[in-house]
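To start, the structure itself, in structure tokens.
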Amino acid sequence: MVENRARGNTANAARPGSDAGVLVVGLGRFGASLAATLDELGRDVLAVERDPDLIQTWSGRLPLVEADATNADALVQLGAKDFPIAVVGVGTSLEASVLITANLVDLGTPLIWAKAISAEHGRILQRIGAHHVVYPEHDAGARVAHLVSGRMLDFIELEDGFTIVKMRPPQETHGFTVGESHIRKKYGVTVIGVKPPGQPFEYATESTRIDAEDTLILSGDTVLLEKFARRP
């Protein structure tokens with residue numbers, strides 16, 4: 246789940262390019278995973294952490310600096326102003342999370358993402374100026390709940406109840422084409438594509454055949470997709 250700041254502010258904010266540098270504050274599980282992935286993707290990333298043990302763990306594996314980001318002067322000294330994107334991965338200490346986010350706002354960071362561990366935490370971060378607030382623990386729990394409740398293999402909820410899922414086809418579709426199955430008419434969901442085992446993904450047409458071992462990619466309302474995924 247991602248919450249944006251007031252729409253007017255977010256929509257009018259300058260959006261950094263896809264190669265913009267990213268400052269990641271906090272090397273807990275969320276921050277470390279994010280920083281490592283950005284680094285693997287070739288992005289200019291700098292991780293900031295004040296825990297010496299975490300610094301030692303990630304030393305040589307990530308570009309990083311040991312500093313206390315709750316101190317505004319420390320952020321200035323490490324060159325935080327040079328990064329158009331910052332991610333505050335600190336979540337266990339609400340005070341530290343708020344102070345770091347406020348410091349980045351004061352520095353004029355164009356785009357600030359911040360991790361929250363509760364709705365109250367998230368509202369505070371938004372009020373002080375975070376552009377995007379994410380809830381990793383909530384999102385992971387919700388995603389797994391959907392995956393264990395049916396034949397879904399993957400689940401991505403976008404917004405306003407619109408979702409994209411990857412799943413095994415119900416028995417009633419085996420051996421029939423998308424058109425013959427009448428999936429959209431019966432269940433209100435759309436087959437985007439079909440991927441046979443060992444074959445490349447192909448966008449679905451009315452004549453695309455569905456077999457038992459195929460993987461379906463579908464889109465639609467979350468509730469309707471859940472019902473379809475529970476078909477035998």
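Terminal number for the sequence shown in the numbering used here: 477, no gaps in between.
Beta carbons are placed, not taken as given, at the ideal position from N, Cα and C, and that holds for glycine.
The alpha-carbon of tyrosine 448 is positioned some 6 Å away from that of isoleucine 437.
When Asp289, Gly367, Gly465 and Gly336 are compared, the shortest CA-CA separation from aspartate 327 is found for Asp289. For valine 333, there is no enclosing alpha helix (DSSP H); the residue is found in the beta strand (DSSP E) stretching over 330 to 333. By the CB criterion at 8 Å, leucine 268 and alanine 359 fall outside the cutoff. Three or more beta-carbon pairs drawn from the region 413 to 423 and the region 457 to 468 are found closer than 8 Å, and the two stretches are therefore classed as touching. The residues Val343, Thr346, Ala347 and Val350, in chain order, have a CB closer than 8 Å to that of isoleucine 373 in the same chain once the five nearest residues on each side in sequence are set aside. For glutamate 458, no beta strand (DSSP E) encloses it, and the DSSP letter there is neither H nor E. When only Cα atoms are considered, leucine 370 and alanine 361 end up about 8 Å apart. The residue from Gln301, Gly276 and Glu417 with its alpha-carbon nearest to that of leucine 291 is Gly276.
Following the DSSP letters along the chain, one finds histidine 366 inside the alpha helix (DSSP H) bounded by residues 364 to 373.
Taking each of Gly433, Asp456 and Thr435 in turn and checking the Cα distance to glutamine 444, the smallest one comes out for Asp456. Exposed is the label assigned to histidine 427, since fewer than 16 other Cβ atoms lie within 10 Å of its Cβ.
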